[in-house]
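The listed protein sequences derive, respectively, from chains H and C. When we follow this note's numbering, the leftmost residue of the first sequence carries the number 531, and every step to the right adds one. When we follow this note's numbering, the leftmost residue of the second sequence carries the number 8, and every step to the right adds one. Yeah, the Cβ is synthetic: ideal placement off N, Cα and C, and Gly gets one too.
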Amino acid sequence: MSSPSLTLPSQERIPARRRLLEILGALAIAATYIYLVLNQPADITGGPGSASALIALTGFLAGAILLIVAVLPTLPASTLVLIPVALVLNIVLGQFVGSTLVPFYLDAIGTVLIAVLAGPAAGAATGALSSIVWSFFNPTVLPFAAGAALIGCLAGLAARYGLFRRFYLAPVAGFVTGIIAGVVSAPVAAFVFGGTSGVATGAIVSAFRAMGDTLLAAITKQALISDPMDKAIVFTIVAILVYALPRRARQQFPFVRRHRVLTGNTPAAEARVDAPAQGTARTQVPGTAHDSAPRG
Amino acid sequence: MTRRTRLNPLTWLAAAGSTAAVTTAAASWQLSVAVIAACLGLSLAGGTARRVLPAAAAVLVPFGLSLLVLHGLFFPEGRTVLAEWGPARVTAEGLEFAGQRILLLAAVVMALLLFSFSISVPDLVAALSARGVQGRFAFVLASTLTLLPAIAARAQRIRHAQESRGLVVTRSLVSRVGAFRLQAVPLVLSLIEDAGTRAAAVEARGLSSPGPRTSYREVPDSSLQRTARAVLVLLAVAAVVLRLVQAGAGG
């Protein structure tokens with residue numbers, strides 16, 4: 531088997547086309563949302579499978595897929611191999627919380643982690659991919675792909691502009707992200723699923739319905755209660771995790787280095803939970819030899 | 008069993024996707040029930056029922072319960088009141104709405120789960136790569152599905168290790184948060200280290216290099232299946248378009 535050249539092809543080959551796809555994807559998501567919100571009063575009690583459900587599904591899914599197609603080929607290999615890890619973290623943690631009685635989801639820890647380490651584009655792709663791959667076990671998360679992409683993108687932007695440099699700013703950024711993501715995801719919950727995505731969130735929606743709200747209004751209010759708290763918790767967890775990583779592990783990401791995402795001084799007490807960082811600070815290219823030293 | 012191995016995974020995908028689209032577009036409970044029954048039959052015949060049914064139940068039971076509570080008890084638009092306790096009113100319209108939603112959701116979930124448990128992932132990856140779908144997407148898909156059990160096992164090992172060092176989780180919130188950190192930090196750290204190693208390995212095997220790839224995996228396909236796929240996709244598109252046109256005309 532002839533081995534192809536190991537040098538990277540130039541990444542700047544067709545940036546215009548990729549950029550166009552990115553913009554189209556974002557436009558598809560935005561247009562779908564605006565259409566759904568404008569048209570909802572006539573349609574909400576029109577029975578299941580109404581046209582709105584189909585529009586929500588096609589618009590959000592098409593947008594998410596366009597984003598993946600635009601972003602995925604541009605990611606470096608060191609980021610690409612992290613995406614499956616992030617997806618597994620999302621699934622393992624999200625599957626657990628979704629079935630318990632907490633009105634949170636906590637299903638975005640992996641996505642936010644990637645966004646902080648590798649930037650908004652990688653975060654958006656991870657969010658969308660996460661929903662698509664997770665739907666192999668739980669098809670109901672598929673329509674939330676656009677919302678998940680948005681969370682990844684916003685988390686990456688927060689990291690880019692230094693909100694993870696101060697520990698108390700991370701939950702604030704999460705709170706704001708949660709508001710935006712919750713509002714965008716509400717029509718999916720309303721039109722595709724008829725109201726809920728879990729026992730505890732359903733209870734909150736019921737409370738607003740009891741006060742006579744329309745379904746979309748009730749769900750949007752529920753999302754405004756659950757999502758900001760949820761994302762504030764997720765961002766805090768990610769901040770703890772990222773600062774607990776040894777410097778060598780996090781500085782291997784160009785995004786972290788270029789935009790000075792994290793403050794330089796590692797909180798020493800945070801990092802001593804685990805053993806493997808036994809070597810002295812070795813300066814090396816990511817992935818040359820580092821995990822080969824036996825542990826312990 | 009033999010039938011399962013002869014079908015191309017893309018045919019499965021087209022069938023499941025188009026079933027989901029048509030069921031959603033049609034929105035009739037009779038069709039939903041028929042789809043659920045067909046999926047049950049297929050999964051029993053294909054020998055996947057043992058895995059499909061628990062997965063479907065894990066998704067559908069919480070959903071169904073919360074839909075019933077939500078619309079069964081609180082449906083301000085409902086007219087026919089069956090029972091009333093304080094602010095909660097059980098209305099016929101609400102129950103009907105919840106029932107239809109649950110059936111529709113169950114049909115879609117069953118169809119998609121039947122697909123994901125009936126195909127072999129390596130076949131799907133090979134079929135996708137042969138169609139010119141990004142090798143990167145195939146890598147993410149295959150890597151996630153194979154990493155999932157490995158990472159779950161590693162999380163368990165880390166928990167055992169921390170417990171043997173004296174980690175006791177009590178019911179208090181502080182203790183739980185502390186326990187979460189003690190387990191999550193080593194897990195994430197080791198996963199990122201692994202990913203670095205894997206990045207070099209993947210890069211050395213030419214993941215980023217453009218150009219054609221040779222696959223050693225033969226995925227069964229036939230002209231009949233190709234036609235079936237085209238018909239299924241057209242069917243789904245037609246159902247969606249018809250539904251949208253109908254909604255546009257009917258207001």
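Burial state of residue i, where buried means 16 or more other Cβ atoms lie within 10 Å
{"i": "C:Thr234", "result": "exposed"}
{"i": "H:Tyr698", "result": "exposed"}
{"i": "C:Ser182", "result": "exposed"}
{"i": "H:Gln752", "result": "buried"}
{"i": "H:Gly628", "result": "Residue placement at H:Gly628 is flagged as unreliable, the pLDDT there being 49, under the threshold of 50; the coordinate-derived value follows with that caveat. Classification of H:Gly628: buried, given that the 10 Å Cβ count is 16 or more."}
{"i": "H:Met741", "result": "exposed"}
{"i": "C:Glu210", "result": "buried"}
{"i": "C:Gly48", "result": "exposed"}
{"i": "H:Gln782", "result": "buried"}
{"i": "C:Gln37", "result": "exposed"}
{"i": "C:Val184", "result": "exposed"}
{"i": "H:Leu672", "result": "buried"}
{"i": "C:Ala44", "result": "exposed"}
{"i": "C:Gly71", "result": "buried"}
{"i": "H:Pro797", "result": "Any reading at H:Pro797 is ruled out, since the residue's pLDDT is 43, under 50, leaving its predicted position unreliable."}
{"i": "C:Ala208", "result": "exposed"}
{"i": "C:Val244", "result": "exposed"}
{"i": "C:Pro217", "result": "exposed"}
{"i": "H:Gln541", "result": "Residue placement at H:Gln541 is poorly supported in this model, since its pLDDT is 49, which falls under 50; the coordinates are not used for a value here."}
{"i": "H:Ile585", "result": "buried"}
Reduced DSSP secondary structure (H/G/I, E/B, other) of residue i
{"i": "C:Val97", "result": "strand"}
{"i": "C:Glu225", "result": "coil"}
{"i": "C:Ile126", "result": "coil"}
{"i": "C:Thr55", "result": "coil"}
{"i": "H:His789", "result": "coil"}
{"i": "H:Ser715", "result": "helix"}
{"i": "C:Met117", "result": "helix"}
{"i": "H:Pro784", "result": "helix"}
{"i": "C:Ala246", "result": "helix"}
{"i": "H:Tyr635", "result": "coil"}
{"i": "C:Val175", "result": "coil"}
{"i": "C:Gly203", "result": "helix"}
{"i": "H:Pro776", "result": "coil"}
{"i": "H:Ser665", "result": "coil"}
{"i": "C:Pro217", "result": "coil"}
{"i": "H:Tyr563", "result": "helix"}
{"i": "H:Thr744", "result": "coil"}
{"i": "H:Ala805", "result": "Note that H:Ala805 has pLDDT 39, beneath the 50 cutoff, so the model's placement of it is unreliable and no number is given."}
{"i": "H:Asn620", "result": "helix"}
Beta-carbon gap between residue i and residue j smaller than 8 angstroms
{"i": "H:Lys761", "j": "H:Gly704", "result": "yes"}
{"i": "H:Val714", "j": "H:Ala676", "result": "yes"}
{"i": "H:Leu619", "j": "H:Phe721", "result": "no"}
{"i": "C:Glu200", "j": "H:Ala616", "result": "no"}
{"i": "H:Ala511", "j": "C:Ala33", "result": "Since the first residue shown for chain H is 531 and the last is 826, residue 511 of chain H is missing from the structure and cannot be characterised."}
{"i": "H:Phe785", "j": "H:Gly649", "result": "yes"}
{"i": "H:Leu612", "j": "H:Ala655", "result": "no"}
{"i": "H:Gly686", "j": "H:Ala645", "result": "yes"}
{"i": "C:Ile165", "j": "C:Pro129", "result": "no"}
{"i": "C:Gly79", "j": "C:Leu112", "result": "no"}
{"i": "H:Ala769", "j": "H:Phe694", "result": "yes"}
{"i": "H:Gly712", "j": "H:Ser660", "result": "no"}
{"i": "H:Pro669", "j": "C:Leu196", "result": "no"}
{"i": "C:Ala29", "j": "C:Ala246", "result": "The amino acid occupying residue 29 of chain C in the given sequence is Val; Ala does not appear at that position. Going by C-beta atoms, C:Val29 is nearer than 8 angstroms to C:Ala246."}
{"i": "C:Leu67", "j": "H:Gly732", "result": "no"}
{"i": "H:Ala558", "j": "H:Ala592", "result": "yes"}
{"i": "C:Ala21", "j": "C:Val115", "result": "no"}
{"i": "H:Ile749", "j": "H:Ala719", "result": "yes"}
{"i": "H:Ala607", "j": "C:Ser215", "result": "yes"}
{"i": "H:Asn746", "j": "H:Ile710", "result": "Checking the sequence shown, residue 746 of chain H turns out to be Leu, not Asn. Not in contact: H:Leu746 and H:Ile710 (Cβ atoms no closer than 8 angstroms)."}
{"i": "H:Ala678", "j": "H:Ala716", "result": "no"}
Closest by C-alpha distance to residue i, when choosing among the options
{"i": "C:Pro227", "options": "C:Leu131, C:Val68, C:Ala45", "result": "C:Leu131"}
{"i": "C:Tyr223", "options": "C:Ala134, C:Ala186, C:Val116", "result": "C:Ala134"}
{"i": "C:Ala162", "options": "C:Ala56, C:Pro16, C:Gln190", "result": "C:Gln190"}
{"i": "C:Leu241", "options": "C:Pro16, C:Ser39, C:Leu14, C:Ser25", "result": "C:Ser25"}
{"i": "H:Ala600", "options": "H:Arg790, H:Leu554, H:Ala719, H:Phe674", "result": "H:Leu554"}
{"i": "C:Ala105", "options": "C:Ser125, C:Leu121, C:Arg96, C:Phe82", "result": "C:Phe82"}
{"i": "C:Arg172", "options": "C:Leu180, C:Ala186, C:Arg220", "result": "C:Ala186"}
{"i": "C:Phe124", "options": "C:Thr221, C:Ser50, C:Arg212", "result": "C:Ser50"}
Worksheet item: Between the stretch 780-793 of chain H and chain C, which residues of the former have CB atoms less than 9 angstroms from a CB of the latter, in chain order?
Response: Taking a C-beta cut-off of 9 angstroms against chain C, the contacting residues of the stretch 780-793 of chain H are Arg780, Gln782, listed in chain order.
Worksheet item: Which residues, taken in chain order from the stretch 132-156 of chain C, show a beta carbon closer than 8 angstroms to some beta carbon of chain H?
Response: Gln141, Arg143, Phe144, Phe146, Val147, Leu148, Ser150, Thr151, Leu152, Leu154, Leu155
Worksheet item: Using a Cβ cut-off of 7 angstroms, which residues of the stretch 738-753 of chain H contact any Cβ in chain C, in chain order?
Response: Arg739, Ala740, Gly742
Worksheet item: Going along the stretch 219-244 of chain C in order, which residues come within less than 7 angstroms of chain H, judged by CB to CB distance?
Response: Within the stretch 219-244 of chain C, no residue qualifies.
Worksheet entry | Contact set between the stretch 581-614 of chain H and chain C, restricted to residues whose Cβ is under 9 angstroms from the partner | Flagged, chain order: Ala581, Ser582, Ala583, Leu584, Ile585, Leu587, Thr588, Ile598, Val599, Leu602, Pro603, Leu605, Pro606, Ala607, Ser608, Thr609, Leu610, Val611, Leu612, Ile613, Pro614.
Worksheet item: At a Cβ cut of 7 angstroms, what residues of the stretch 27-49 of chain C count as close to chain H, listed as they run along the chain?
Response: Among the residues of the stretch 27-49 of chain C, those with a Cβ less than 7 angstroms away from any Cβ of chain H are Thr31, Ala32, Ala33, Ala34, in the order of the chain.
Worksheet item: Using a Cβ cut-off of 9 angstroms, which residues of the stretch 193-216 of chain C contact any Cβ in chain H, in chain order?
Response: Per Cβ criterion, the list reads Pro193, Leu194, Val195, Leu196, Ser197, Leu198, Ile199, Glu200, Asp201, Ala202, Gly203, Thr204, Arg205, Ala206, Ala207, Ala208, Val209, Glu210, Ala211, Arg212, Gly213, Leu214, Ser215, Ser216.
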